[in-house]
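Protein chains in written order, with the numbering used here: chain A, 61 to 493; chain B, 31 to 115. Below you'll find the structure, written out as structure tokens, and then a few comments.
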Amino acid sequence: MTERVAITGIGVVSPIGIGAWEFAAALKRGQSGARRISAFDCEGLATQIAAEVDDSGFDAGAWVDPPKMVKHMSRSARFAVAAAAMARREAGLNGHDVDPYRIAISLGAGGMGPVDMDLLTGQARAAIASARDRTDDELDVPAFSREFRARTNPISMLRGLPNLAAAHVAIQQNARGPNNTITTACSAGTQAIGEGLRAIQRGDADVVIAGGTDAMINPVGVLGFSMLGTLSQQNDDPEHASRPFDARRDGFVIGEGAGIVVLERESVARARGARVLAELAGYGCTCDAYRITDERPDAEAAVRAIQLCLADADASADDVEYINAHGTGTQMNDITETTAVRTAFGGKPLPPMSSTKSMIGHLLAAAGAVELAATVLGMTDRFLPPTINFEVPDPACELDCVANVARPARIDAALSNSFGFGGQNACLMIRRW
Amino acid sequence: MREIVSQVLMVPPASVKPESRLYDLGAESIDYLDLIFRIEEAVGKKVPVSRWESFVRERLPGANLADAITVAFITEFAESERARV
Chain A
61 MTERVAITGI
71 GVVSPIGIGA
81 WEFAAALKRG
91 QSGARRISAF
101 DCEGLATQIA
111 AEVDDSGFDA
121 GAWVDPPKMV
131 KHMSRSARFA
141 VAAAAMARRE
151 AGLNGHDVDP
161 YRIAISLGAG
171 GMGPVDMDLL
181 TGQARAAIAS
191 ARDRTDDELD
201 VPAFSREFRA
211 RTNPISMLRG
221 LPNLAAAHVA
231 IQQNARGPNN
241 TITTACSAGT
251 QAIGEGLRAI
261 QRGDADVVIA
271 GGTDAMINPV
281 GVLGFSMLGT
291 LSQQNDDPEH
301 ASRPFDARRD
311 GFVIGEGAGI
321 VVLERESVAR
331 ARGARVLAEL
341 AGYGCTCDAY
351 RITDERPDAE
361 AAVRAIQLCL
371 ADADASADDV
381 EYINAHGTGT
391 QMNDITETTA
401 VRTAFGGKPL
411 PPMSSTKSMI
421 GHLLAAAGAV
431 ELAATVLGMT
441 DRFLPPTINF
451 EVPDPACELD
461 CVANVARPAR
471 IDAALSNSFG
481 FGGQNACLMI
491 RRW
Chain B
31 MREIVSQVLM
41 VPPASVKPES
51 RLYDLGAESI
61 DYLDLIFRIE
71 EAVGKKVPVS
81 RWESFVRERL
91 PGANLADAIT
101 VAFITEFAES
111 ERARV
């Protein structure tokens, strides 16, 4: 029999709590992290709300050595490094427990355009300066280059590389095994954890620090998703804007943060007497190969991802007692996801399926990882996280979505779904150890 | 310059002494790009990295740079850039 893979530690940086247990307590309370955006002046934008990580409660420097490493990190790298350190501490995994070359990193990361306000401001200032003597609106590239060069600290370029968050985690954790970054948009965190499971199964590593991180609450990130028509515009009532499966949903709320789990080969976890939180039992992954953002109306490829995940875990739909939905709160996702799960379960009654995005927003490349963390925490702490803001049922999403209040429950197996632009479908299964 | 070094390497100003070696303060090669960028800002003119490299080559031929580059040395470079017309 193949060895199982244990989840032995969880680290979370989220809009509703820093650290796994603070996060779990907030999920149980049904707390919303959505507010008016404070990261930049959002006046005039169609969407002026997001679920931000509260900087007054988060100090990346506390998790980083030497301290100067912090300035080389993007906001998303800071989240990842902190969450990884928390997860490692939670796992009680010391330097002498495992060969550093047997510790891998598998991280979902994202980003589009300038990764932070510094870079965006640098580009804008250079563009303004280069246009000063011009009468047309063409970009004078040599002038722009000169101004950009003069105004931009070269080290800021490194913050934009997608693999650097995983590299920083490796530096801080002395993890010298395979170091992979998965950039599959909104399913990246789930796929990174699934690929971490595979890295252990195929023998490339004994421990994988796996998860996802993202920080897109900057003008380009918010405008970008807003222009694509995916964001809620309920600016007057941020805490109630994210309403997955509710008939009045109007898009998602951008969140930010990181979720990291420590995955460990069964024999290694046993040998050191680790406390195991759950088994990472299965992973399935497909692509729609259909449209850029539209999902297959019959959800065929998403169905297959769920079925592959169940088969990988040697489980059947009957075993699943809870599903953490992708549940973005866009019109299309919630309908297609309901169809997908219904079809994958072959007409059997569905277990409760809730969307934690109702509380933390959509953490994009980090979403699946933070949601798996929520699922494991629910299993260990014996509750199902609620879908808050659920008021008006949508006949197209007929589900028990654990409406508004967390529910006490002892579950033995659960799924977590993620779907991303580009037709990415991914599903993970956990089981009580 | 000690203040700049303290900011770039995020170490307490008191730990930055003229004889401190940048390597011991935690500097890696990328941090020199940051230092030179901030020297540019301080002296108010462009400072090509190539000039830092030739400054090092001329003053410290064959030296182990981890040992040889001190706060005093980079201050000397900044002063020479400030004086340059």
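Where is the CB? At the ideal position from N, CA and C, for every residue including glycine.
Alpha-carbon spacing of residue i relative to residue j, whole angstroms
i, j, result
"D472 (chain A)", "A301 (chain A)", "32 angstroms"
"I366 (chain A)", "N384 (chain A)", "12 angstroms"
"R96 (chain A)", "N295 (chain A)", "7 angstroms"
"L179 (chain A)", "E33 (chain B)", "24 angstroms"
"A474 (chain A)", "I76 (chain A)", "23 angstroms"
"D358 (chain A)", "I165 (chain A)", "35 angstroms"
"E360 (chain A)", "L444 (chain A)", "27 angstroms"
"R192 (chain A)", "P238 (chain A)", "48 angstroms"
"E381 (chain A)", "I66 (chain B)", "59 angstroms"
"A338 (chain A)", "L52 (chain B)", "46 angstroms"
"A427 (chain A)", "A108 (chain B)", "47 angstroms"
"R356 (chain A)", "H386 (chain A)", "16 angstroms"
"S485 (chain A)", "C347 (chain A)", "According to the sequence provided, residue 485 (chain A) is Asn. The question's Ser does not apply to it. Between N485 (chain A) and C347 (chain A), the C-alpha separation is close to 6 angstroms."
"E118 (chain B)", "D119 (chain A)", "With chain B covering 31 to 115 only, the question about residue 118 (chain B) has no answer from this structure."
"A434 (chain A)", "L87 (chain A)", "8 angstroms"
"C102 (chain A)", "D394 (chain A)", "28 angstroms"
"T403 (chain A)", "R330 (chain A)", "38 angstroms"
"E556 (chain A)", "A225 (chain A)", "Nothing in the structure corresponds to residue 556 (chain A), since chain A is present only between 61 and 493."
"E316 (chain A)", "G389 (chain A)", "16 angstroms"
"V462 (chain A)", "P411 (chain A)", "10 angstroms"
"T181 (chain A)", "E112 (chain A)", "20 angstroms"
"G281 (chain A)", "A99 (chain A)", "12 angstroms"
Buried or exposed (CB count within 10 angstroms, at least 16 for buried), residue i
i, result
"D61 (chain B)", "buried"
"P155 (chain A)", "The sequence shown places Gly at residue 155 (chain A), rather than the Pro named in the question. Counting Cβ neighbours within 10 Å, G155 (chain A) comes out exposed, since fewer than 16 surround it."
"M287 (chain A)", "exposed"
"N240 (chain A)", "buried"
"M217 (chain A)", "exposed"
"E198 (chain A)", "exposed"
"R219 (chain A)", "buried"
"V77 (chain B)", "buried"
"G483 (chain A)", "buried"
"I23 (chain A)", "The shown model of chain A, from 61 to 493, leaves out residue 23 (chain A), and the question about it has no answer."
"T68 (chain A)", "buried"
"G117 (chain A)", "exposed"
"N234 (chain A)", "exposed"
"G92 (chain B)", "exposed"
"V452 (chain A)", "exposed"
"K75 (chain B)", "exposed"
Neighbour list for residue i in chain A, Cβ cutoff strictly below 9 angstroms
i, result
"M21 (chain B)", "The question about residue 21 (chain B) has no answer here: the residues shown for chain B are numbered 31 through 115."
"K76 (chain B)", "R209 and A210"
"G56 (chain B)", "P126, P127, K128 and M129"
"F67 (chain B)", "T212, N213, P214 and I215"
"I60 (chain B)", "H132, P214, I215 and L218"
Proximity below 7 angstroms, CB of residue i to CB of residue j
i, j, result
"G495 (chain A)", "A143 (chain A)", "As displayed, chain A neither begins before 61 nor continues past 493, which places residue 495 (chain A) out of reach and without an answer."
"V101 (chain B)", "P43 (chain B)", "no"
"D372 (chain A)", "G333 (chain A)", "no"
"V430 (chain A)", "A94 (chain A)", "no"
"V336 (chain A)", "A147 (chain A)", "no"
"F83 (chain A)", "T273 (chain A)", "no"
"R442 (chain A)", "R470 (chain A)", "yes"
"G90 (chain A)", "V436 (chain A)", "no"
"A230 (chain A)", "F204 (chain A)", "no"
"E106 (chain B)", "V73 (chain B)", "no"
"E370 (chain A)", "L432 (chain A)", "Position check: residue 370 (chain A) holds Leu in this sequence, whereas Glu was assumed. Cβ atoms of L370 (chain A) and L432 (chain A): not closer than 7 angstroms."
"V65 (chain A)", "L340 (chain A)", "yes"
"A377 (chain A)", "K408 (chain A)", "yes"
"I260 (chain A)", "R162 (chain A)", "no"
"P214 (chain A)", "L63 (chain B)", "yes"
"G168 (chain A)", "A375 (chain A)", "no"
"E207 (chain A)", "A184 (chain A)", "no"
7 angstroms Cβ cut-off: residues of chain A touching residue i
i, result
"L39 (chain B)", "K128"
"D64 (chain B)", "N213 and I215"
Closer than 6 angstroms: residue i CB and nearest the ligand MG heavy atom
i, result
"G256 (chain A)", "This structure lacks the ligand MG; in fact it carries no ligand of any kind."
7 angstroms Cβ cutoff, residue i in contact with chain C
i, result
"A349 (chain A)", "Given the protein chain composition of this structure (A and B), no chain C is represented."
Using 8 angstroms as the Cβ pair cut-off and three pairs as the minimum, do the segment 477–486 of chain A and the segment 246–266 of chain A touch? Touching, per the Cβ criterion.
Do three or more CB pairs link the segment 310–327 of chain A to the segment 437–451 of chain A at distances below 8 angstroms? No, the segment 310–327 of chain A is not in contact with the segment 437–451 of chain A.
Check whether the segment 405–415 of chain A touches the segment 262–274 of chain A, counting contact only when three or more Cβ pairs, one atom from each stretch, lie closer than 8 angstroms. Between the segment 405–415 of chain A and the segment 262–274 of chain A there are fewer than three C-beta pairs closer than 8 angstroms, too few to call the two in contact.
Taking one C-beta from the segment 274–294 of chain A and one from the segment 103–113 of chain A each time, how about it: are there three or more such pairs within less than 8 angstroms? Verdict: yes, contact present.
Would the segment 394–408 of chain A and the segment 456–465 of chain A be scored as touching if the rule is three or more Cβ pairs under 8 angstroms? At 8 angstroms Cβ cutoff, the stretches touch.
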